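Right, one structure below, let's go through it.
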Amino acid sequence: AVGKLERFVGDWKLEHGAPVQPAAARNGHKVAVIGSGPAGLACASDLARMGYEVKIFEALHEAGGVLVYGIPEFRLPKERIVAREIAQVERLGVGIETDVIVGRTVTIDSLMDEEGFDAVFIGSGAGLPRFMGIPGENLNGVVSANEFLTRANLMHAYDKAYDTPIYVGQRVVVVGGGNVAMDAVRTAKRLGAEATIVYRRSEKELPARVEEVHHAKEEGIRFRMLTNPTEILGDERGWVTGLRCVEMELGEPDESGRRSPVVKEGSDFEIACDVVIMALGTSPNPLLAATTAGLETTRRGCITADERGATTRPGVFAGGDAVTGAATVILAMGAGRTAAKAIDEYVKSRANGIH
Numbered sequence: 063a064v065g066k067l068e069r070f071v072g073d074w075k076l077e078h079g080a081p082v083q084p085a086a087a088r089n090g091h092k093v094a095v096i097g098s099g100p101a102g103l104a105c106a107s108d109l110a111r112m113g114y115e116v117k118i119f120e121a122l123h124e125a126g127g128v129l130v131y132g133i134p135e136f137r138l139p140k141e142r143i144v145a146r147e148i149a150q151v152e153r154l155g156v157g158i159e160t161d162v163i164v165g166r167t168v169t170i171d172s173l174m175d176e177e178g179f180d181a182v183f184i185g186s187g188a189g190l191p192r193f194m195g196i197p198g199e200n201l202n203g204v205v206s207a208n209e210f211l212t213r214a215n216l217m218h219a220y221d222k223a224y225d226t227p228i229y230v231g232q233r234v235v236v237v238g239g240g241n242v243a244m245d246a247v248r249t250a251k252r253l254g255a256e257a258t259i260v261y262r263r264s265e266k267e268l269p270a271r272v273e274e275v276h277h278a279k280e281e282g283i284r285f286r287m288l289t290n291p292t293e294i295l296g297d298e299r300g301w302v303t304g305l306r307c308v309e310m311e312l313g314e315p316d317e318s319g320r321r322s323p324v325v326k327e328g329s330d331f332e333i334a335c336d337v338v339i340m341a342l343g344t345s346p347n348p349l350l351a352a353t354t355a356g357l358e359t360t361r362r363g364c365i366t367a368d369e370r371g372a373t374t375r376p377g378v379f380a381g382g383d384a385v386t387g388a389a390t391v392i393l394a395m396g397a398g399r400t401a402a403k404a405i406d407e408y409v410k411s412r413a414n415g416i417h
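For what it's worth, the working numbering labels the leading residue of the sequence shown as 63, then goes sequentially.
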């Protein structure tokens, strides 16, 4: 129940108006924060309280990161919770500039060398979706869970008052078994579609939280377990008409300890659908690493950082999903706060001539 306890504490603070610690007097140093998700907001607020002039650069048109675009409204009310948290950060004097893609609009080099930022924190998350690489993934009606949820959440597709370009179709199949898959399939159901989860292992191996699976079943989501897609089928106009799959059976455990799925010979079958949502995980966008000299990444494309958030580039720190890959909001917040302390020590040591 850790998540519920965290939610209770946050809700209690908002409802009872617990005092916000004021920002300290400015210390003359500037820090840039890339990304306004949980890691960036936590890092920025702590630095502002220490006296830093902090500016957040957000690629999308609204601050909040995954809190705004990735988590459905029915699980995290945006106006009641996220908007208030962002307002508190702004009251500390943190500036937020939206529609800025670092690596394109500006670079980390230009922020440090031309705009005078003493340090940079990267909290840009893991927004690059993975696909299966099967035939038909370029058909109309195939989207990543990331895009689907962003359209529904950030562009208010769930609200009939908004004219949002989102195609749901009548029958949706979500490929994957994690929490994001549950969010996507439940969102599709709420938007009026008949919704199905397809997962290649058994229910016992589902990575989603048990309560998320329970809620999805309560809402009428169909689960096709031990099923793996091999091809997305389409019509002559290029629109999805179905999903060709094979049945699986579980073999020996793999490196993670989960039993590896093995194809049952001659078990091909088709599922009729008009939208396929791929919820197979995400990785960090490679743009930042590609445009920043000396910034190393792991084999999975995550930014290399030590336990305090320091990267291989002096003065550049990172935390959250950009370092760990897709994880939880609370872990990202913790990483942002840890990095804020490290940034404070780094800037002070440079000011004192230690570096």
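Ideal Cβ positions, reconstructed from N, Cα and C, are used throughout, including at glycine. A quick note: this is a predicted structure, and the numbers were derived from the prediction, not measured.
Nearest-angstrom Cα separation, counted from residue j out to residue i
i	j	result
VAL308	GLU177	55 Å
ALA355	VAL247	40 Å
ASP161	VAL182	18 Å
GLY382	GLY328	43 Å
TYR131	VAL151	19 Å
LEU122	ALA372	25 Å
GLU77	LYS251	31 Å
GLY99	GLY313	39 Å
LYS326	THR289	10 Å
ASP297	THR344	29 Å
GLY363	PRO348	7 Å
GLU120	GLU317	37 Å
PHE136	ASN414	49 Å
ILE365	VAL237	27 Å
LYS75	PRO291	46 Å
GLY396	ILE196	37 Å
GLY155	ILE148	11 Å
GLY127	ALA380	15 Å
LEU103	THR390	15 Å
VAL204	ARG192	12 Å
GLU369	GLY97	20 Å
ALA207	ILE133	11 Å
Sheet register partners of residue i (DSSP bridge)
i	result
ALA87	Beta-bridge pairing links ALA87 to no other residue.
PRO191	THR344
VAL378	VAL182
HIS168	Residue 168 is actually Val in this sequence, not His. Note: VAL168 sits in a beta bridge opposite VAL164.
SER206	MET340
ALA367	THR373
ILE333	LEU305
VAL93	VAL116 and ALA181
ARG286	VAL260
Three-state secondary structure assigned by DSSP to residue i
i	result
THR258	strand
SER98	coil
LEU349	helix
GLU358	coil
ASN200	coil
PHE136	coil
VAL162	coil
GLU141	helix
THR373	strand
VAL324	strand
GLU115	strand
ARG421	One cannot answer for residue 421 here, as it falls past the ends of the chain, which runs 63 to 417.
ARG153	helix
ILE275	For the record, residue 275 in the displayed sequence is Val; it is not Ile. Helix at VAL275.
ASP225	coil
Boundaries of the beta strand (DSSP E) in which residue i is found, first to last residue
i	result
ASN290	289-296
LEU61	Absent from the structure is residue 61, since the part of the chain shown begins at 63 and ends at 417.
THR303	302-315
VAL237	233-237
GLY399	In the sequence under discussion, the amino acid at residue 399 is Arg, which differs from the Gly named in the question. Where ARG399 is concerned, there is no enclosing beta strand (DSSP E), although the alpha helix (DSSP H) it sits in stretches over 391-413.
ARG69	ARG69 -> not in any beta strand (DSSP E); alpha helix (DSSP H) instead, spanning 64-78.
Candidates the options, of which the one nearest residue i by Cα
i	options	result
ILE333	ALA110, VAL242 and ILE259	ILE259
PRO227	ILE96, ARG375 and THR212	THR212
TYR261	TRP301, LEU342 and PHE119	LEU342
LEU138	ASP73, GLU293 and GLU124	ASP73
ARG286	ALA352, GLU209 and SER264	SER264
GLN232	ALA394, VAL338 and ARG370	VAL338
MET310	GLU298, GLY300 and PRO323	PRO323
ASP175	TYR220, VAL205, ALA94 and ALA145	ALA94
ALA125	VAL234, GLY300, ILE143 and GLY113	ILE143
LEU201	PHE379, ILE365 and THR303	THR303
ALA388	VAL156, ALA351, ALA401 and PRO346	PRO346
VAL168	ARG321, THR353, GLY319 and VAL71	THR353
PRO84	GLY97, VAL64, VAL71 and ASP108	ASP108
ALA188	ARG412, PRO315, ALA101 and ASP406	ALA101
ILE184	LEU190, THR249, ASN215 and ALA106	ALA106
Segment limits, alpha helix (DSSP H) that includes residue i
i	result
ARG248	241-252
TYR131	128-131
THR386	383-386
Residue i Cβ short of 6 Å to the ligand NAD heavy atom set
i	result
ASP330	With respect to small molecules bound, the structure shown includes none, and the ligand NAD cannot be examined in it.
C-beta neighbour in chain C for residue i, strict 7 Å
i	result
ARG286	In the displayed structure, chain C is absent; only one protein chain is listed.
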